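Okay, so here's the structure we're looking at.
Okay, structure coming up:
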């Protein structure tokens, strides 16, 4: 079974409180989503493999550690996942970016794919799927399935807020994928929104509602 990592760092929790506030404006909301994504990336990449290398400092030769092994890819689930990409790329500028476009059918609440574009070498990379919300888990589970169809073996899911239903769905369908979240909220409402959550992340990031 995959592991769920709930990141309870005080900075994360403080920033999350700002996201939850309905009075937080678009600009600040968008900035905080990026800041949280960067803090989460720091934890989610903690176990990346490294190797030793020699460099010359202005004073002497130093033995340093650099990243080794698989290269990375960031795959946002459109559209809200885009809000998490830029700050992660600031930390890992060599990462490539794929995109998965899904929308939730308003009647069935099931995800529908409308776009999927991946780097040609995606199968050789460690993939981080990003989306602010893990509600029913349908979109995340389908996104992971689509990425596995490209031959990807190493996949991590990063969400800011999750519901137990979404975590259960991902763990049942993809027990090999670890999940990193900043909070697990109690439940979903009748419209499949996380409660208390923060509303529609996409609308609040892009100012479309």
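Numbering (full-length UniProt numbering), first residue to last: 1 to 209.
For each residue, glycine too, the CB sits at the ideal point set by N, CA and C.
Small disclaimer: the values here were computed from a predicted structure and weren't measured.
By the Cβ criterion, the region 59 to 72 is not in contact with the region 10 to 24, since fewer than three pairs of Cβ atoms, one from each stretch, lie closer than 8 angstroms.
If you draw a straight line from the Cα of residue 95 to the Cα of residue 114, it is about 24 angstroms long. In the DSSP annotation of this structure, residue 145 is not part of any beta strand (DSSP E); the continuous alpha helix (DSSP H) holding it starts and ends at 138 to 148. Rounded to the nearest whole angstrom, the CA to CA distance from residue 84 to residue 43 is 15 angstroms. Residue pairing by DSSP places residue 128 opposite 74, 156 in a beta bridge.
The straight-line gap separating the alpha-carbon atoms of residue 162 and residue 80 is approximately 14 angstroms. Straight across, the Cα-Cα distance linking residue 148 with residue 154 is about 9 angstroms.
The region 76 to 101 contains, as complete alpha helix (DSSP H) runs of 4+ residues, the segments 85 to 91 (chain order). Under DSSP, no beta-bridge partner is assigned to residue 122.
In summary, residue 65 is exposed, with fewer than 16 beta-carbon neighbours lying within 10 Å of its beta-carbon over all protein chains present.
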